[in-house]
Structures are given as C-alpha cells and as structure tokens.
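Q:
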Amino acid sequence: LFGYLHKSGLYDRTLIVLLADHGESLGEHGEDEHSFFIYNSTLHVPLIFKLPHGEGAPRVVRRLVGTIDVAPTIFELLHFRDPLSRQFQGTSLASDILGKGAGSVRPVYSETYYPRDSLGWSELASLTTERFKYIQAPHPELYDLTKDRQELRNLYGESATLAAALRERLADIERRYSSTDTVPLRRRRWGRPCPRKPLRSCDHWVTLLIWPQSSLPPPGRSLTPRTA
68 LFGYLHKSGL
78 YDRTLIVLLA
88 DHGESLGEHG
98 EDEHSFFIYN
108 STLHVPLIFK
118 LPHGEGAPRV
128 VRRLVGTIDV
138 APTIFELLHF
148 RDPLSRQFQG
158 TSLASDILGK
168 GAGSVRPVYS
178 ETYYPRDSLG
188 WSELASLTTE
198 RFKYIQAPHP
208 ELYDLTKDRQ
218 ELRNLYGESA
228 TLAAALRERL
238 ADIERRYSST
248 DTVPLRRRRW
258 GRPCPRKPLR
268 SCDHWVTLLI
278 WPQSSLPPPG
288 RSLTPRTA
C-alpha cells in the first residue's frame, strides 16, 4: 500500500492512520490470545497518525485515549465541517498531534461480551482513568496502573470508596449511551437482570476466537480473571 502511494505521488498528501483492533495476551492472567478478558495486554494497542505534507513534528503523545477518539480526530485533521462530527462521542486528538496543547482527558470505557454471547458466561466491562482501572465482573477488580501496570494486585477490597466511585462512573456511561432497543436481547442472565450494552460509545477490542473447550471453565461457572 505504501509503495503504491509513493509510486502514484499520493503519499505526501495522504493522512494515514495505523490502529490495531486488539492486543494479544501471551499467557498473562491465564489467557492466551484475546477476547475473554479486558486487561491491558489486549486493550493497549498502537495508534499512529501520519499527517499530510509533513505537517507537525514527530512526537509521542503520552495520554489516555480510546479508539472512539479516532473518527473525530480524522474529521478535524482533514478540516471536515460536517454535522456528523457533532454526533461523535469521542474527543478529537488533533491538538495533541499537532503540538498545540493537550486536549481534555476522559476515562476510557472497555468491554467484552464474547464470553457471554458465545458461552453464556459473564460479560466484563471496565473504566480506565490516567491512574486507576476498575473492572466490573462477578468478582470486581481495581488496579493502580502507575504502580501495577501488569494488573496483578487487586485493590478492590482495600479501596472500596474509590471502587464505588469508578463503578458509578462506568454505570453512568452505560445508562447514558444504552439503547432501549437492545435491552430485550440481553434482558436476563442466570435469572438476574443484566446491564444494557452501550452503543457506539465503547472503546473495546473484541474479536471472535475458537477456543479449545478443554481449557475453559465448565458451563454455569462465571468466567472472570479469577476463575479461569
């Protein structure tokens, strides 16, 4: 692709965005590949912008962003003035990319419904701030990413107030962006009400995966990072 762009004279005036749809777990937390858990081994992915005409000096932006921010960033970098841009729930990163100052930082919402939709186990959702990450699961988890980037020490039991605050922020996102049209499809799980799934507001990297049945927990057992 790059060779064609160079050969055709289009490379210099083309905006190129490189983004991975998911990371890959290599045994961390007992997971191989991806889809079941939402630790940073599968959520933390590269995002690279090549600007047209060499605009902007090369830089690394060290801030929390999500895939939901990519579309509004492209619109702003290409100077699109379209009503559609006002519908985006993400935030443009153009000012960061162009070195014009840091934009606002918001928590990143992530989720996986693969365990539930494919195997009838528990879905997982998380909220990540610049320092902390909260995972909503049958056995909730809380990590201080500044001290524990591998997410090995669960602080949920000793930081109940912080966990409750992050849980409420996560629930607010789900309430704000859920569509009532999706509720009947996900109405009940094991006889209990389940949360509605946010639409178009999700920063998640989830793909289908064929997994050996022998390596999975038995049906009826909640699939969480602590029971896999």
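The opening residue of the sequence shown carries number 68 in the working numbering; numbering runs sequentially from there. Using N, Cα and C, we set each Cβ at its ideal position, and we do this for glycine too. Please read all numbers here as calculations on a predicted model, not as lab measurements.
1) Is it true that the segment 69–85 meets the segment 103–120, where meeting means three or more beta-carbon pairs spaced less than 8 angstroms apart?
2) Does the segment 135–145 come close enough to the segment 159–174 to have 3 or more Cβ pairs within less than 8 angstroms?
3) I need the DSSP call for residue 86, collapsed to helix, strand or coil.
4) Mind checking whether residue 105 and residue 179 have CB atoms under 7 angstroms apart?
5) Pick out whichever of 231, 130 and 207 has its Cα sitting closest to the Cα of residue 111.
6) Take residue 208 and list the residues in its own chain whose beta-carbon comes closer than 6 angstroms to its own, dropping the five residues that flank it on each side.
7) Does any CB atom of chain C fall closer than 7 angstroms to the CB of residue 114?
8) Of the choices 137, 109, 95 and 103, whose alpha-carbon is the least far from that of residue 115?
9) Nearest by alpha-carbon distance to residue 185: which of 103, 74 and 73 is it?
10) Taking only three categories from DSSP, how would you classify residue 68?
A: Short version:
1) Contact holds: three or more Cβ-Cβ distances are below 8 angstroms.
2) Yes: the two stretches touch, three or more of their Cβ pairs being nearer than 8 angstroms.
3) In this structure, DSSP gives residue 86 an extended state, which the three-state scheme calls strand.
4) Cβ atoms of residue 105 and residue 179: closer than 7 angstroms.
5) Of the candidates 231, 130 and 207, 130 places its Cα closest to the Cα of residue 111.
6) Within the same chain, residue 208 has close Cβ partners 202, 221 and 223.
7) Annotation note: the requested chain C is absent from the structure, which comprises a single protein chain.
8) Residue 137 is the option with its Cα nearest to residue 115.
9) Nearest C-alpha to residue 185: 103.
10) Residue state, collapsed to three classes: coil.
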